[in-house]
Amino acid sequence: MTDLTKTAAPEPQSESQRAGVGDGIRGWWDGLSRPAQWAVGIPIVIVLALIPVFPPPLLDTPGVSFGGVMALFSMYALIAIGLNVVVGQAGLLDLGYVGFYAVGAYTVGLLTSPNSPWNQTDNWLEPSWAWVACVPIAVALTALSGLILGTPTLRVRGDYLAIVTLGFGEIVRLMADNLGDLTNGSLGLSKIAYPEVAVSESMPGGVFSPGNLGDPSSWNPFERANNGTWWFWLGMFLVIGALLIIGNLERSRVGRAWVAIREDEDAAEIMGVPTFKFKLWAFVIGASVGGLSGAMYAGQVTYVNPKQFDIILSMLFLCAVVLGGSGNKLGVIVGAFLIAYLPMRLQSVQLVSNESTGYLLLALDLALLLGLWLLWRRRGNTLGVWARRGVIATAIFAVVAGLLLFGSVLLFRQGGAQSLGDLKYLYFGIALVVMMVLRPQGLFSVRQKLLAYGRQVYQAVRKPAELIGAKR
Amino acid sequence: MTSAASLGVALLADGSIDFNVSGVIDQFWRLTVDGLTYGSVYALVAVGYTLVYGVLRLINFAHSEIFMLGMFGSYVGLELLGFAPSGNVYSQGVVLTVIYLGIALLFGMAVSGVAAVGLERVAYRPLRKRGAKPLAFLITAIGMSFVIQEFVHYILPKIKPGLGGTNAQTGIRLVEPKVQFTFLGAEVTNVAIVIVVAAVFLAICTEVMINRTRFGRAIRAVAQDPDTATLMGVSRERVIMLTFLIGGLLAGAAALLYTLRVPTGIIFSGGFILGIKAFSAAVLGGIGNLRGALLGGLLLGVAEQYGQILFGFEWRDVVAFVLLVTVLMFRPTGILGESLGRARA
Chain A
0 MTDLTKTAAP EPQSESQRAG VGDGIRGWWD GLSRPAQWAV GIPIVIVLAL IPVFPPPLLD
60 TPGVSFGGVM ALFSMYALIA IGLNVVVGQA GLLDLGYVGF YAVGAYTVGL LTSPNSPWNQ
120 TDNWLEPSWA WVACVPIAVA LTALSGLILG TPTLRVRGDY LAIVTLGFGE IVRLMADNLG
180 DLTNGSLGLS KIAYPEVAVS ESMPGGVFSP GNLGDPSSWN PFERANNGTW WFWLGMFLVI
240 GALLIIGNLE RSRVGRAWVA IREDEDAAEI MGVPTFKFKL WAFVIGASVG GLSGAMYAGQ
300 VTYVNPKQFD IILSMLFLCA VVLGGSGNKL GVIVGAFLIA YLPMRLQSVQ LVSNESTGYL
360 LLALDLALLL GLWLLWRRRG NTLGVWARRG VIATAIFAVV AGLLLFGSVL LFRQGGAQSL
420 GDLKYLYFGI ALVVMMVLRP QGLFSVRQKL LAYGRQVYQA VRKPAELIGA KR
Chain B
0 MTSAASLGVA LLADGSIDFN VSGVIDQFWR LTVDGLTYGS VYALVAVGYT LVYGVLRLIN
60 FAHSEIFMLG MFGSYVGLEL LGFAPSGNVY SQGVVLTVIY LGIALLFGMA VSGVAAVGLE
120 RVAYRPLRKR GAKPLAFLIT AIGMSFVIQE FVHYILPKIK PGLGGTNAQT GIRLVEPKVQ
180 FTFLGAEVTN VAIVIVVAAV FLAICTEVMI NRTRFGRAIR AVAQDPDTAT LMGVSRERVI
240 MLTFLIGGLL AGAAALLYTL RVPTGIIFSG GFILGIKAFS AAVLGGIGNL RGALLGGLLL
300 GVAEQYGQIL FGFEWRDVVA FVLLVTVLMF RPTGILGESL GRARA
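Chains as they are written, first to last, in numbering that gives the first Met the number 0: chain A, 0 to 471; chain B, 0 to 344.
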């Protein structure tokens, strides 16, 4: 049987695989000293934090709060980091990761929602700090559920593990749906607690409350920020924390064991790695990060229902990891951004105002593509490197524009989709297929084998020998 | 504080799950008949998963969408014959009904077969040429299943109004379920007979084809060792195409049989849960093993029916997954183990 996540046996390295995107940047980053990395990293983080407050014109999401989208992104980023531990590092294909997300969200919901029989906010969880108190409980419970799922199932491998975890995700959703007395069934739990910070006269729920819409006229970023932005900031904080902790784990014995298991489980076992134990570790750590994200989600939306946690979402999480580059922490965060942002960006977008304009533009687009193709066939060899790249970039642009125009034209015919956002899964599916054909290792592929030897050796391999000698 | 144990206690105390054992005993044979009916549909779909897995070592996650297209295919077939989805059942006489069903079956099989081969051409072949990782195949399969679902959801109604779209298609009811005989107190309807007989017949045909014919031998050879098979003059591409074709045809047949039993299932997302269950059935029996698919399908169908009475209707889907996990814990390769490649040479 196959192991889906295993790196393939020696295969012809195509050109795209040798030159990974961002390899130069990665080399430069690894060359910096720790303080220099902080000095570069902190301004980048600050710029990122300010993006939702002052949204750049093209990046903004019309009709949807950009802060809310970024909050969703930070939650998906946490998910991607957690799932990356399971799939990217330990090589365990988990298709039911949404189950952990749901457990985290439902824990917060069950403890603080007035719809729940286990609501503790009247007894000993003060409403003002109920959310904060629930987060550790949610993380602990998801870790426990990871343990419960992992202990029996981690003995099966590869595809079997995939289907068993898929079943787990579905069972969690069905339980949330069917235990009507407990979870309020398909109606869901509403009025879930959120952290009440900076409560004032004008803002009775604090800055995290759904009532905080921000003040777009103000120049003070803290006044401009709506509740989504505040959640995004909290999410960024948690993401950075998770990155630091998991990064340390990956550089430790645990991380090396994970990579060994991913590359060849039997060999690792024979070399004395207790594979079951470390696989369970990966599951539990991945699960608890997922639970943390779920707790954030429940707090921000203040409402959970079973429909929010279906298998499609699980697939999306996996896609975030694979799109970004399985095994690469920063890559999967980019993947999470694409998953969270693109559907929202397309929401309520209509490219053309009437059907005939749409057809005209579509025809122009097709003509452009045809022209590019002819150019490539006839004169492709005579073009310079940058001209070739330009042609490829234009072609990609034209294909994307063509797909969007196609969707827009469809919207004008009767019935069906209302905006391009309705077609998001169509585009998403196409993007996945194209991506896997053109770049199966993800946008930012990881130099996987080298991770096993640790950072120092990695640098030693990347740098000429005398440089290392001069340093030490 | 809460924990899994207290959750379990709470479930029992709340009475959310009541163990209706007497219900199962009372209705044992009825449930068995129902279970076999659903199970044989699962089995037919599971054969598609198992074949592709045996040959390519690939979970074809888009197979459930092939099945869904089959439901639309047989619907269109019946529509072209002049039927419309009205509330009542058409009464055409036995011979005519069988002929009409046969035509609808052909339509369903044709659509599914073409879709399966097309899926392989569009999505998997480029990946194979590049020697992609197995995970890339899986993601592609997920992507294609999104594309096919959204195609039926949004694009199909624009191409042919009245087909596809957000709401379920009202099925055309050609056959009225009529009780033919009672078996130990269980009423066996004509629909159930048709479904079980047709499904088992098709599954046996496939089994015979794989084990007795030249194509079958080629498929087994590729499943066992693709490189050696290629060296021996077996066209790998052709075998793969054939595998997808057989899987697609069976899924199409299963689609028609399923709509006979559940006329309301024709919807863009209608294949999803059934696909997962069929895949569970394939894994249950031992993926890569045709008899395993049949056994797993029937077993899953029956277990689901018992479980649905035992625990309550809403737990029906959970039963399937719990059964799967339980079996995998004790036999990690499924009941019969995998063996398409290792079958008698």
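C-beta: ideal position from N, C-alpha, C; glycine also. From a predicted model like this one, the values you see are computed outputs, not experimental measurements.
Enclosing beta strand (DSSP E) for B:Ala185 [first to last residue]: As a working mapping, residue 185 of chain B is identified with position 186 in the second sequence. Annotation for B:Ala185: the continuous beta strand (DSSP E) segment containing it runs Ala185 to Thr188.
Please state if the CB of B:Phe180 and the CB of B:Ile187 are separated by a distance shorter than 8 Å. Position 188 of the second sequence, counted from the first residue, corresponds to residue 187 of chain B. Position 181 of the second sequence, counted from the first residue, corresponds to residue 180 of chain B. Correcting the residue identity first, residue 187 of chain B is Val in this sequence and not Ile. Yes, the pair counts as a contact, with Cβ atoms nearer than the cut-off.
Does the count of Cβ pairs from the stretch 100-112 of chain A and the stretch 266-281 of chain A closer than 8 Å reach three? no
Select from the stretch 102-132 of chain A all residues with a C-beta closer than 9 Å to any C-beta belonging to chain B, and list them in chain order. Thr106, Leu109, Leu110, Pro116 and Trp117
Along the stretch 85-119 of chain B, what residues have a CB closer than 8 Å to any CB found in chain A? none
Specify the secondary structure class of A:Tyr96 as computed by DSSP and reduced to three states. To locate residue 96 of chain A, count along the first sequence from 1; it is residue 97. Coil, per DSSP.
Which residues share a DSSP beta bridge with B:Phe18? Within the second sequence, numbered from 1, the residue matching residue 18 of chain B stands at position 19. Answer is none; B:Phe18 lacks a bridge partner.
B:Leu327 to B:Ile218, Cα distance in whole Å? Taking the first residue of the second sequence as 1, we reach residue 327 of chain B at position 328. Taking the first residue of the second sequence as 1, we reach residue 218 of chain B at position 219. Each residue's CA atom was taken as its position, placing B:Leu327 and B:Ile218 some 27 Å apart.
Beta carbon of B:Leu43 nearer than 8 Å to that of B:Ala198: One-based indexing of the second sequence puts residue 43 of chain B at position 44. One-based indexing of the second sequence puts residue 198 of chain B at position 199. Taking 8 Å as the Cβ cut-off, B:Leu43 and B:Ala198 qualify as a contacting pair.
Going along the chain, which residues of its own chain have a beta-carbon closer than 8 Å to the beta-carbon of B:Val23, five neighbours each way excluded? The sequence position of residue 23 of chain B within the second sequence is 24, counting from 1. Around B:Val23: Leu30, Tyr305, Ile308 and Leu309.
If you draw a straight line from the C-alpha of B:Val317 to the C-alpha of A:Met174, how long is it? Working through the second sequence from its first residue, we reach residue 317 of chain B at position 318. Working through the first sequence from its first residue, we reach residue 174 of chain A at position 175. Distance between the alpha carbons of B:Val317 and A:Met174 is about 8 Å.
Tell me the DSSP secondary structure of B:Phe320 in three-state form. The sequence position of residue 320 of chain B within the second sequence is 321, counting from 1. In this structure, B:Phe320 counts as helix in the three-state DSSP scheme.
Which residues bound the beta strand (DSSP E) around B:Phe179? Position 180 of the second sequence, counted from the start, is the residue given in the question as residue 179 of chain B. The sequence given here places Gln at residue 179 of chain B; Phe does not occur at that position. In the DSSP assignment, B:Gln179 falls within the unbroken beta strand (DSSP E) covering Val178 to Phe182.
Contact criterion: CB-CB distance below 8 Å. Does B:Val40 meet it with respect to chain A? Looking up residue 40 of chain B in the second sequence gives position 41. For B:Val40, the answer is no, since every Cβ of chain A falls outside 8 Å of its Cβ.
Does A:Thr381 pass the burial test, meaning 16 or more other C-beta atoms within 10 Å, or should it be called exposed? Within the first sequence, residue 381 of chain A is the residue found at index 382, counting from 1. Exposed.
Are the beta-carbon atoms belonging to A:Pro194 and A:Trp257 less than 8 Å from one another? Walking along the first sequence from the start, residue 194 of chain A turns up at place 195. Walking along the first sequence from the start, residue 257 of chain A turns up at place 258. No, the pair does not count as a contact, with Cβ atoms beyond the cut-off.
Neighbouring residues, chain A, relative to B:Ser279 (Cβ below 8 Å): Stepping through the second sequence from its first residue, residue 279 of chain B is reached at position 280. Going along chain A in sequence order, the residues near B:Ser279 (Cβ under 8 Å) are Ile162 and Gly166.
Quick check: what's the CA-CA separation for A:Ser217 versus A:Leu337? Numbered from its first residue, the first sequence carries residue 217 of chain A at position 218. Numbered from its first residue, the first sequence carries residue 337 of chain A at position 338. Distance between the alpha carbons of A:Ser217 and A:Leu337: 30 Å.
Every unbroken alpha helix (DSSP H) within the stretch 53-116 of chain A, with a cutoff of 4 residues, ordered by chain: 65-82 and 97-111
Can you list, in chain order, the residues of its chain whose CB lies under 6 Å from that of A:Leu146, leaving out five sequence neighbours each side? In the first sequence, residue 146 of chain A corresponds to position 147, counting from 1. So the list reads Val283, once near-sequence residues are dropped.
Using 8 Å as the threshold, is the stretch 314-334 of chain A in touch with the stretch 434-446 of chain A, meaning 3 or more CB pairs across them? These segments touch.
Under the three-state reduction of DSSP, which class applies to A:Leu350: helix, strand or coil? The residue you call residue 350 of chain A lines up with position 351 of the first sequence. In the structure shown, A:Leu350 sits in coil (DSSP, three-state: anything other than H, G, I, E or B).
Could you pull out every residue in the same chain whose Cβ sits closer than 7 Å to the Cβ of B:Ser5, ignoring the five residues on either side in sequence? In the second sequence, residue 5 of chain B corresponds to position 6, counting from 1. Residue placement at B:Ser5 is flagged as unreliable, the pLDDT there being 47, under the threshold of 50; a coordinate-derived value is accordingly withheld.
Per-residue contacts from A:Thr152 into chain B (C-beta, under 9 Å): For the purposes of this step, residue 152 of chain A is taken as residue 153 along the first sequence, with counting starting at 1. Within chain B, Val324, Leu327 and Met328 have C-beta atoms less than 9 Å from the C-beta of A:Thr152, given in sequence order.
Helix, strand or coil for B:Leu244? Go by DSSP, reduced to three states. Taking the second sequence and counting its residues from 1, the one referred to as residue 244 of chain B is at position 245. Looking at B:Leu244 - three-state DSSP - the assignment turns out to be helix.
Assign A:Lys448 to buried or exposed, taking buried as 16 or more other Cβ atoms, counted over all protein chains shown, within 10 Å of its Cβ. For the purposes of this step, residue 448 of chain A is identified with residue 449 of the first sequence, where counting begins at 1. Here A:Lys448 scores only 47 on pLDDT, less than 50, and its place in the model should not be relied on; the value that follows carries that caveat. Exposed, because fewer than 16 other Cβ atoms sit within 10 Å of the Cβ of A:Lys448.
Give the DSSP-derived three-state secondary structure of A:Gln307 in the structure shown. Taking the first residue of the first sequence as 1, we reach residue 307 of chain A at position 308. Looking at A:Gln307 - three-state DSSP - the assignment turns out to be helix.
Sequence-distant residues of the same chain with beta carbon closer than 8 Å to A:Thr418, five excluded per side: Taking the first sequence and counting its residues from 1, the one referred to as residue 418 of chain A is at position 419. Sequence inspection shows Ser at residue 418 of chain A; the Thr mentioned does not correspond to that position. Here the set comprises Leu345, Gln346, Ser347, Val348, Gln349 and Leu410.
B:Val8 (DSSP reduced to helix, strand or coil): Translated into positions along the second sequence, residue 8 of chain B becomes position 9. Any answer about B:Val8 is weak, because its pLDDT of 47 lies below 50 and its placement is not dependable; what the coordinates show is given next. Here B:Val8 sits in helix by DSSP.
Would you call the stretch 64-82 of chain B in contact with the stretch 102-112 of chain B, where contact means no fewer than 3 C-beta pairs closer than 8 Å? yes
Three-state secondary structure (DSSP) at A:Ser189? Locating residue 189 of chain A in the first sequence gives position 190, counting from the first residue. Residue state, collapsed to three classes: strand.
Given B:Ser85 as reference, the closest of B:Arg124, B:Thr169 and B:Val110 once Cα atoms are compared: Along the second sequence, read from residue 1 onward, the residue named residue 85 of chain B stands at position 86. Closest by C-alpha distance to B:Ser85, out of B:Arg124, B:Thr169 and B:Val110, is B:Thr169.
From B:Ile194 to B:Leu249, what does the alpha carbon distance come to, in whole angstroms? As a first step, residue 194 of chain B must be located in the second sequence, where it is residue number 195. As a first step, residue 249 of chain B must be located in the second sequence, where it is residue number 250. Each residue's Cα considered, the two are about 13 Å apart.
Taking only runs of the alpha helix (DSSP H) that begin and end inside the stretch 226-312 of chain A, which ones reach a length of at least 4 residues, in chain order? 226-250, 252-262, 264-269 and 274-300
Burial state of B:Ala140 (16 or more Cβ within 10 Å): Residue 140 of chain B sits at position 141 when you count from the first residue of the second sequence. Its Cβ being crowded by 16 or more others within 10 Å, B:Ala140 is buried.
Any Cβ of chain B within less than 8 Å of the Cβ of A:Met536? Examination of residue 536 of chain A is not possible in this model, given that chain A is present from 0 through 471 alone.
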